[in-house]
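No gaps in the numbering here: position 181 of the sequence shown is 179 in the working numbering, and each next residue is one more. C-beta: ideal position from N, C-alpha, C; glycine also. Here the structure is a predicted model, which is why all the values come from computation and not from measurement.
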Amino acid sequence: MSRRLIAGLAAAALAGAVLAGCGGDDEAPDPAPGATGQPTTPAGTVDQPPARDSEVTPELAADLAAMRSNTAGYVTDLAAAQADGFFIITQHMPGQGYHFLNPDVDGSDPTRPPILMYTRDGDDWQLVGFEWVYPEEPAEPPLDGATYGSFPAACHYDDGLFVEADSEDACAGTHPDSAAAFTFWHPDLVTMHVWAWMPNPAGLYHPTNPLIGDAGGTGAGHGHGHGGVDASTRDTAVAQ
């Protein structure tokens, strides 16, 4: 994997899309035991009621249908997603799951997600939702009723761990706990989550889902999971 190309994710975010031209491993690595060094920004919340059918406009319904159609082959087949260029960028985050990025996907298309979110039960993987990232809040919402979260500037490593850092110069060549190789750094980002493959009682665009458990599967738990990564800490809400 080209460190120079992956590091360009930061520049791609500033262009409003995700970088093209890097790949990933065939299998998602197991979480590194005892890994730490994750974001420490204050936890945020989203003041957003659960999504209701009446809030789904015809345009949003069509976009959601297109998202599902474009990702139907990945729903229970992570290997298919990886074969198409998705690679791990976070280990399990409570309330969200594992994140996989395809830098060849144009992040400006709201029906073709550049980031897939999965839950895991042993060897079984389930696609549950999507994420888009932006350098700043879009002037016009990509989807009807969209709300946003945030992701702090961070160094990412090839086992899915990441460490908050203000600049790429602050990124160690290997993760301090797992020794995984550095892959890329990105600046502060605005995020948009869409729970298209799993209902979310907190709302279609809420950064976290109470149905996602602590350990990679579904459940009611919250808190710190693999590597101490807490999605509520990572995603400070930015209401539209």
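- In the same chain as Met65, and ignoring 5 residues on each side of it, the C-beta atoms closer than 6 Å to its own belong to Thr109, Ala194, in chain order.
- Taking Ala179 as reference, the option from Asp104, Ser165, Val188, Leu159 with the minimal CA-CA separation is Leu159.
- Distances from the alpha-carbon of Ala151 to those of Val126, Tyr132, Asp175, Asp107 put Tyr132 closest.
- DSSP places Glu138 in the coil class of the three-state scheme, outside both helix and strand.
- In the DSSP assignment, Ala177 falls outside any alpha helix (DSSP H) and carries neither an H nor an E.
- Segment contact: the region 66 to 84 against the region 100 to 109, three or more CB-CB distances shorter than 8 Å; contact assigned.
- For the pair Val192 and Gly127, the CB atoms are nearer than the 8 Å cut-off.
- Distance between Leu125 and Ala63, taken at the CA atoms: about 15 Å.
- Considering only Glu129, Ala170, Ala144, the residue with the shortest C-alpha distance to Leu58 is Ala144.
- Distances from the CA of Ile210 to each of Gly95, Asn68, Ala60, Tyr72 were compared; the closest alpha carbon is that of Gly95.
- Proximity to Met196 across Val54, Phe149, Pro56, Val73 peaks at Val73, based on C-alpha coordinates.
- Thr88 sits buried, since 16 or more C-beta atoms from the chains shown fall within 10 Å of its C-beta.
- With a contact defined as Cβ atoms closer than 8 Å, Glu129 and His97 qualify at about 7 Å.
- Counting other Cβ atoms within 10 Å of its Cβ, Thr206 reaches 16 or more and is therefore classed as buried.
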